[in-house]
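Input: a single structure, listed below in structure tokens.
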Amino acid sequence: MPLSIATWNINSVRLRLRLVESFLDDYAPDVLCLQETKCPDDKFPFDALRKKGYEAIEVNGQKGYHGVATLSRRPLQLVEKREYCAKGDCRHLSVIVDGGNKRILLHNFYVPAGGDEPDPDINPKFRHKLDFLEEMQGVHAEDDRADAAVLVGDLNIAPLETDVWSHKQLLKVVSHTPVETETLEKLRVGNGWADLMRTAIPPEDKLYTWWSYRARDWNASDRGRRLDHIWGSPSLVPHLTGMDVLRHARGWERPSDHVPVIARFDFG
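Position in the sequence shown (from 1) plus 43 gives the number in the working numbering.
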């Protein structure tokens, strides 16, 4: 049975609802995980998205900031909405999704950006980011609640040298500092996760999912970073059939600064 899972930092689901609807019409992933929805639960556009065939929707949102949502054409079973760092932020949601002959535990994360100064002693936002990553050490690829697990979301870190437009110039820029990249890789490897994007797309290839709004011409300057990720249990690697990074979505009208990424599996 084929299964497709998409992740997208939408940067306000209500502001960009038309983009979400168009994306669902054109690409029809089985599951879409959104981050930075900026929407309290009671204001989420359930009706509009259910009309697109996504009857199962779980949300963890708040007014104006953060927020995650997972919507599916297949039944979902809510597992957890975990609060990290006792901040009251809505940054995580996990569900069980039916993969045919596999039950998939699907984590949807929005990791704090971390502010501008990569020094936890003077920047509370960066301290929060590092503390958040430390708490994520408890999220493992092997979990008794399901046959396999997938972790997606805006993790706000570009771990590889080829995940940024200039490794040397970004070494002291939040999202690519050594403390962030090393912590994220320690988390991923230590907890048994496979980097499915880099399984499908060779690590030596440049790969971006985010381009700043500050660029006059994002496409020409191409100063991107891979901030969005799809990880999975190693048992899923043989079932991975494709990975689509929709770079052109950055050029849509009133776009998010992130683009959708779609992982495709076949459990036949």
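Glycine included, each C-beta is placed from N, C-alpha and C at the ideal position.
So, helix, strand or coil for residue 233, using DSSP? For the purposes of this step, residue 233 is identified with residue 190 of the sequence shown, where counting begins at 1. Helix at residue 233.
Residue 195 and residue 153 look like a contact to me (Cβ under 8 Å); what is the Cβ gap, rounded to whole Å? Within the sequence shown, the letter at position 152 stands for residue 195. Within the sequence shown, the letter at position 110 stands for residue 153. The beta-carbon distance between residue 195 and residue 153, rounded to whole angstroms, is 10 Å. This is too long to meet the 8 Å contact definition.
Return helix, strand or coil for residue 46, following the three-state DSSP convention. Within the sequence shown, the letter at position 3 stands for residue 46. Strand.
Who are the Cβ neighbours of residue 145 in its own chain at under 6 Å, not counting the five residues just before and after it? In the sequence shown, residue 145 corresponds to position 102, counting from 1. So the list reads 190, 191 and 310, once near-sequence residues are dropped.
Starting from the Cα of residue 54, find the closest Cα among 44, 107 and 74 and give me that residue. On the sequence shown, position 11 is the one that residue 54 refers to. Comparing Cα positions, the closest option is 107.
According to DSSP, is residue 294 part of a helix, a strand, or is it coil? In the sequence shown, residue 294 corresponds to position 251, counting from 1. DSSP places residue 294 in the helix class (H, G or I) of the three-state scheme.
Flag this pair as yes or no: are the beta carbons of residue 269 and residue 252 separated by less than 9 Å? Sequence index remark: in the sequence shown, residue 269 carries index 226 (1-based). Sequence index remark: in the sequence shown, residue 252 carries index 209 (1-based). It is a contact, given that the beta carbons lie within the stated cut-off.
Mind listing, in chain order, the continuous alpha helix (DSSP H) runs of no fewer than 4 residues lying wholly within the stretch 195-282? Listed in chain order, they are 221-233, 239-243 and 261-264.
What does DSSP give as the partner residue(s) for residue 17 in the beta ladder? Residue 17 lies beyond the range of the chain shown here (44 to 311); nothing can be said about it.
Ends of the beta strand (DSSP E) at residue 152? For this step, residue 152 is matched to residue 109 along the sequence shown. Per DSSP, residue 152 belongs to the beta strand (DSSP E) from 146-153.
Beta-ladder partner(s) of residue 52, from DSSP: To locate residue 52, count along the sequence shown from 1; it is residue 9. 78.
Decide if residue 229 is buried, meaning its Cβ has at least 16 other Cβ atoms within 10 Å, or exposed. As a working mapping, residue 229 is identified with position 186 in the sequence shown. When all chains shown are included, residue 229 counts as exposed.
Let's test the definition: count the other Cβ atoms within 10 Å of the Cβ of residue 199 and tell me whether it reaches 16, buried, or not, exposed. Mapped onto the sequence shown, residue 199 falls at position 156. Looking at its Cβ environment, which holds 16 or more other Cβ atoms inside 10 Å, residue 199 is buried.
CB contact flag (residue 254, residue 262, <9 Å): Mapped onto the sequence shown, residue 254 falls at position 211. Mapped onto the sequence shown, residue 262 falls at position 219. In this structure, the beta-carbon distance from residue 254 to residue 262 falls below 9 Å.
When the Cα atoms are used, what is the spatial distance from residue 158 to residue 169? Working through the sequence shown from its first residue, we reach residue 158 at position 115. Working through the sequence shown from its first residue, we reach residue 169 at position 126. Each residue's Cα considered, the two are about 6 Å apart.
Tell me whether the stretch 84-102 and the stretch 65-74 touch, counting them as touching only if at least three CB pairs, one residue from each stretch, are closer than 8 Å. The stretch 84-102 is in contact with the stretch 65-74.
Kindly indicate which three-state DSSP category residue 177 falls into: helix, strand or coil? As a working note, residue 177 is residue 134 in the sequence shown. The answer is helix: DSSP assigns residue 177 an H, G or I state.
Among 308, 245 and 300, nearest to residue 280 - alpha-carbon criterion: For this step, residue 280 is matched to residue 237 along the sequence shown. Considering only alpha carbons, the answer is 308.
Would you call residue 179 buried or exposed, if buried means 16 or more other Cβ atoms sit within 10 Å of its Cβ? For the purposes of this step, residue 179 is identified with residue 136 of the sequence shown, where counting begins at 1. The residue is buried, with at least 16 neighbouring Cβ atoms inside 10 Å.
May I ask which residues mark the beginning and end of the alpha helix (DSSP H) holding residue 64? By 1-based counting over the sequence shown, the position of residue 64 is 21. 60-70 is the span of the alpha helix (DSSP H), which, as asked, contains residue 64.
Starting from the Cα of residue 193, find the closest Cα among 131, 278 and 176 and give me that residue. Start at 1 with the first residue of the sequence shown, and residue 193 comes out as number 150. Nearest C-alpha to residue 193: 278.
Just checking, does the stretch 212-226 make contact with the stretch 280-297 on the three C-beta pairs under 8 Å criterion? Counting Cβ pairs under 8 Å, fewer than three are found: no touch.
Go to residue 85, then tell me how far its alpha helix (DSSP H) extends in each direction, as first and last residue. Start at 1 with the first residue of the sequence shown, and residue 85 comes out as number 42. Neither: residue 85 is in no alpha helix (DSSP H) and is coded neither H nor E.
Quick check: is any heavy atom of the ligand SAH less than 8 Å from the C-beta of residue 248? With respect to the ligand SAH, the structure shown offers nothing to examine, as it has no ligands at all.
Assuming residue 171 and residue 128 make a contact with CB atoms under 8 Å, what is their CB distance in whole Å? As a first step, residue 171 is located in the sequence shown; it is residue number 128 there, counting from the start. As a first step, residue 128 is located in the sequence shown; it is residue number 85 there, counting from the start. With a Cβ gap of about 6 Å, residue 171 and residue 128 count as contacting.
Assuming contact is defined by CB atoms lying nearer than 9 Å, are residue 271 and residue 301 in contact in what I supplied? Residue 271 sits at position 228 when you count from the first residue of the sequence shown. Residue 301 sits at position 258 when you count from the first residue of the sequence shown. In contact: residue 271 and residue 301 (Cβ atoms closer than 9 Å).
Put residue 135 into one of helix, strand or coil per three-state DSSP. The residue given as residue 135 occupies position 92 in the sequence shown. Residue 135: strand per DSSP, three-state reduction.
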